[in-house]
Amino acid sequence: MSPRTHLRVEGTDPRRRGHDRGRRTGAEIARTWRTYSELFEVAAAARGVTLDVPALALRCLAATSAWSPELAEEIEGVAEGAGVPLWVVAALNARTEILAVAGTPRGGECSTVVRTGPRALGGQTWDWHEELADGWHVQSVRGDTVSFTGITEHGILAKIGVNEAGVGVLFNILGHMDDGADGVPVHLVARRVLGGAESFADAIDILSGAPVSASTVVTVVTADRAACVELSPAGVAVIPPDETGRLVHTNHFIDPALAAGEFRGRAEPETYDRARLLNERLRDGHRLDDADDIAALLTAHHGDGAEVCCHPPVDAKLGARWATLATIAVDPEAGRLMLHDGGPCTARPSTWTTISAR
0 MSPRTHLRVE
10 GTDPRRRGHD
20 RGRRTGAEIA
30 RTWRTYSELF
40 EVAAAARGVT
50 LDVPALALRC
60 LAATSAWSPE
70 LAEEIEGVAE
80 GAGVPLWVVA
90 ALNARTEILA
100 VAGTPRGGEC
110 STVVRTGPRA
120 LGGQTWDWHE
130 ELADGWHVQS
140 VRGDTVSFTG
150 ITEHGILAKI
160 GVNEAGVGVL
170 FNILGHMDDG
180 ADGVPVHLVA
190 RRVLGGAESF
200 ADAIDILSGA
210 PVSASTVVTV
220 VTADRAACVE
230 LSPAGVAVIP
240 PDETGRLVHT
250 NHFIDPALAA
260 GEFRGRAEPE
270 TYDRARLLNE
280 RLRDGHRLDD
290 ADDIAALLTA
300 HHGDGAEVCC
310 HPPVDAKLGA
320 RWATLATIAV
330 DPEAGRLMLH
340 DGGPCTARPS
350 TWTTISAR
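Positions 0 to 357 (numbering that gives the first Met the number 0) are the ones given, in order, by the sequence shown.
1. Within 10 Å of its beta-carbon, does P343 have 16 or more other beta-carbons around it, so buried, or fewer, so exposed?
2. Under 8 Å: do the stretch 72-89 and the stretch 291-311 share three or more Cβ pairs, one atom per stretch?
3. Check T4 in the structure and name its three-state DSSP category.
4. Which residue from A259, G304 and T323 puts its Cα closest to that of E279?
5. Tell me, please, whether the stretch 144-157 touches the stretch 221-234 by the rule of three or more beta-carbon pairs shorter than 8 Å.
6. Of the residues P53, A328 and E75, which one's Cα is nearest the Cα of A346?
7. Could you give the C-beta distance for A62 and G182, rounded to a whole number, given that I count them as a contact under 8 Å?
8. Report all residues from its chain with a CB closer than 8 Å to the CB of W66; omit the five preceding and five following residues, and keep chain order.
9. Measure how close the beta-carbons of E332 and G165 come, nearest whole angstrom, since I'm counting them as under 8 Å.
10. Identify the continuous beta strand (DSSP E) that holds V192 and give its terminal residues.
11. May I have the straight-line CA-CA distance separating L281 from G121, to the nearest angstrom?
12. Starting from C59, trace the alpha helix (DSSP H) in both directions and tell me its first and last residue.
13. In the DSSP assignment, the beta strand (DSSP E) including R357 goes from what residue to what residue?
14. So E73 and R16 are in contact, right, with Cβ under 8 Å, and what is the actual spacing, rounded?
15. CA-CA distance, L338 and T326?
16. Suppose the cutoff is 6 Å on Cβ atoms and the five residues either side in sequence are ignored; what does the same chain contact list for L70 look like?
17. Does DSSP classify F383 as helix, strand or coil?
18. With a threshold of 6 Å on Cβ separation, who are the neighbours of T4 within its own chain once the five nearest residues in sequence on each side are excluded?
19. Can you grab the Cα-Cα spacing for the pair R7 / T353, in whole Å?
20. Just list the residues that DSSP pairs C227 with in beta bridges.
21. My guess is that A360 and V77 are in contact by the Cβ rule of under 8 Å, so how many angstroms apart are they, rounded?
22. Considering only residues of the same chain and omitting the five flanking positions on each side of G116, which have a CB-CB separation below 7 Å?
23. Report the CB separation of V219 from F199 in whole angstroms; it is logged as a contact under 8 Å.
24. Indicate the three-state DSSP secondary structure (helix, strand or coil) for D133 in the structure shown.
25. How many angstroms separate the CA atom of A196 from the CA atom of V112?
26. Anyone know if the C-beta pair for A180 and E96 falls short of 7 Å?
27. For the stretch 16-48, which segments carrying the alpha helix (DSSP H) assignment without a break, of at least 4 residues, lie completely within its bounds, in sequence order?
28. Please determine, among A319, A225, W351 and L257, the residue with the shortest C-alpha to C-alpha distance to L169.
29. Do A21 and A93 have their C-beta atoms within less than 7 Å of each other?
30. Whole angstroms is fine: what's the gap from W321's alpha carbon to D340's?
31. Sort D177, L193 and G142 by Cα distance to G160 and report the nearest one.
32. Alpha carbon to alpha carbon, how far is R58 from S212?
33. Where DSSP assigns a beta bridge to W86, which residues make up the other side?
34. Using the Cα positions of A54 and H285, report the straight-line distance between them to the nearest angstrom.
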């Protein structure tokens, strides 16, 4: 595999920062959009609905503009730089919301683990469609309130990362019966945390005030604190570590009130199997001291009781080819992210790439 692109974006003007991103990744954005366009069609056909993707995307962009005009300007800059319609970049950033409208189950997704203490450490698998294995890059962004680094998909402003203030963000999709596509995209909420939060409290405030229309859990990790923040149009819940100082989150709500409107867990009960397996391993004394420990914890397949590390069936079609595209660990105290390109079962000490936000 060729080295993963590391995009470095700088500038205090959001539109110019976006224009630079779009100009330098225009071909990749166009390719990624073609794949998402097909995914939207497959999702809509499976449910028998018609998706007006441009309208949905622009509604989410309008909500973003009202909440954070700078992020909307940056998206406009990306579209200008890439030479694509504005609604295309808006749709990429709102891909979670658009897929929520389609309402199709997704047989797999991300698993997150965190150890708090004197020096917190967090990590996750990023599981997504195998067709998008070349649809993402590493990024380092400077020019906002704080600089940050992480990974994201082409055309999407942010996803998983850590900033120079030592605020780390991990990311799992959830599903609620009230989900739709008229709020701020969850990926842009993560972007605002990464570029604007200078403390744990800042991150919680940003997340708690975000007017989202689709559900996700953003796990915030700082040097000495962590919490899973479940976001939904039905409300927000902050999930603290357990009595051992650990957090495990997969793709269902933990908060009882939000769980009453659960969609994904009902459609995809394997999320409970993953959470149960990871919690059992931690109770049995599995260490979480470094990135290799995280990879070992997350290495689990069907024969182990849950598929934490995803491998797509050979005969699966578009929309069902789930793969673990990346394994990530964040060390907030050092302001660094460790990345393995692929699933945790293939991670070795020599395969980690370390990227610093400082």
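Even glycine gets a Cβ: it sits at the ideal position worked out from N, Cα and C.
Quick answer:
1. In the sequence shown, counting from the first residue as 1, residue 343 sits at position 344. Under a 10 Å Cβ-count criterion, P343 is classified as buried, with 16 or more other Cβ atoms of the shown protein chains found around its own Cβ.
2. no
3. Locating residue 4 in the sequence shown gives position 5, where the first residue counts as 1. Correct three-state label for T4: coil.
4. Taking the first residue of the sequence shown as position 1, residue 279 is located at position 280. Nearest option by C-alpha distance: G304.
5. no
6. Locating residue 346 in the sequence shown gives position 347, counting from the first residue. That would be A328, whose Cα lies nearest to the Cα of A346.
7. Stepping through the sequence shown from its first residue, residue 62 is reached at position 63. Stepping through the sequence shown from its first residue, residue 182 is reached at position 183. A62 to G182, Cβ: 5 Å. Contact.
8. Counting from one through the sequence shown, the residue named residue 66 turns up at place 67. So the qualifying residues of the chain are V183, A209 and P210.
9. If you number the sequence shown from 1, residue 332 lands on position 333. If you number the sequence shown from 1, residue 165 lands on position 166. So it is a contact: roughly 6 Å between Cβ atoms.
10. Here the question's residue 192 lines up with position 193 in the sequence shown. Looking at the DSSP string, V192 is not in any beta strand (DSSP E); the run it does join, the alpha helix (DSSP H), is V185 to G195.
11. In the sequence shown, the residue the question calls residue 281 occupies position 282. In the sequence shown, the residue the question calls residue 121 occupies position 122. The alpha-carbon atoms of L281 and G121 are separated by roughly 14 Å.
12. For the purposes of this step, residue 59 is taken as the residue at position 60 of the sequence shown. Per DSSP, C59 belongs to the alpha helix (DSSP H) from V52 to W66.
13. Here residue 357 corresponds to residue number 358 of the sequence shown, with the count starting at 1. Neither: R357 is in no beta strand (DSSP E) and is coded neither H nor E.
14. Residue mapping note: residue 73 aligns to position 74 of the sequence shown, counting from 1. Residue mapping note: residue 16 aligns to position 17 of the sequence shown, counting from 1. Confirmed, about 6 Å.
15. Counting from 1 along the sequence shown, the entry for residue 338 is found at position 339. Counting from 1 along the sequence shown, the entry for residue 326 is found at position 327. Approximately 6 Å, taken between the alpha carbons.
16. Here residue 70 is taken as the residue at index 71 of the sequence shown, counted from 1. For L70, where only same-chain residues beyond five positions count, the Cβ hits under 6 Å are T63 and L187.
17. The requested residue 383 does not occur in the structure, where the chain is confined to residues 0 to 357.
18. The residue given as residue 4 occupies position 5 in the sequence shown. Hits under 6 Å: H136.
19. Residue mapping note: residue 7 aligns to position 8 of the sequence shown, counting from 1. Residue mapping note: residue 353 aligns to position 354 of the sequence shown, counting from 1. Taking the straight line from one Cα to the other gives about 15 Å.
20. The residue labelled residue 227 in the question sits at position 228 within the sequence shown. According to DSSP, C227 bridges with T218 and I238.
21. Absent from the model: residue 360. The displayed extent of the chain is 0 to 357, so no value can be given.
22. As a position in the sequence shown, residue 116 is number 117, starting the count at 1. Only G244 meet the Cβ criterion.
23. Working through the sequence shown from its first residue, we reach residue 219 at position 220. Working through the sequence shown from its first residue, we reach residue 199 at position 200. Their Cβ separation, rounded to whole angstroms, is 6 Å, which keeps V219 and F199 in contact under 8 Å.
24. Reading the sequence shown from its first residue, position 134 is the one you call residue 133. Coil at D133, not helix or strand.
25. Within the sequence shown, numbered from 1, the residue matching residue 196 stands at position 197. Within the sequence shown, numbered from 1, the residue matching residue 112 stands at position 113. Approximately 21 Å, taken between the alpha carbons.
26. As a working mapping, residue 180 is identified with position 181 in the sequence shown. As a working mapping, residue 96 is identified with position 97 in the sequence shown. A contact, by the Cβ cut-off of 7 Å.
27. 25-46
28. Counted from its first residue, the sequence shown places residue 169 at position 170. It is A225.
29. In the sequence shown, counting from the first residue as 1, residue 21 sits at position 22. In the sequence shown, counting from the first residue as 1, residue 93 sits at position 94. For the record, residue 21 in the displayed sequence is Gly; it is not Ala. Contact flag unset, no.
30. In the sequence shown, residue 321 corresponds to position 322, counting from 1. In the sequence shown, residue 340 corresponds to position 341, counting from 1. Cα to Cα, the separation comes out at about 15 Å.
31. Position 161 of the sequence shown, counted from the first residue, corresponds to residue 160. Selected option, being the one with the closest Cα: L193.
32. As a working mapping, residue 58 is identified with position 59 in the sequence shown. As a working mapping, residue 212 is identified with position 213 in the sequence shown. Cα to Cα, the separation comes out at about 11 Å.
33. Numbered from 1 along the sequence shown, position 87 holds the residue referred to as residue 86. The partner list for W86 (beta bridge, DSSP) is empty, contrary to what the question assumes.
34. The count along the sequence shown starts at 1 and reaches residue 54 at position 55. The count along the sequence shown starts at 1 and reaches residue 285 at position 286. Cα to Cα, A54 sits roughly 48 Å from H285.
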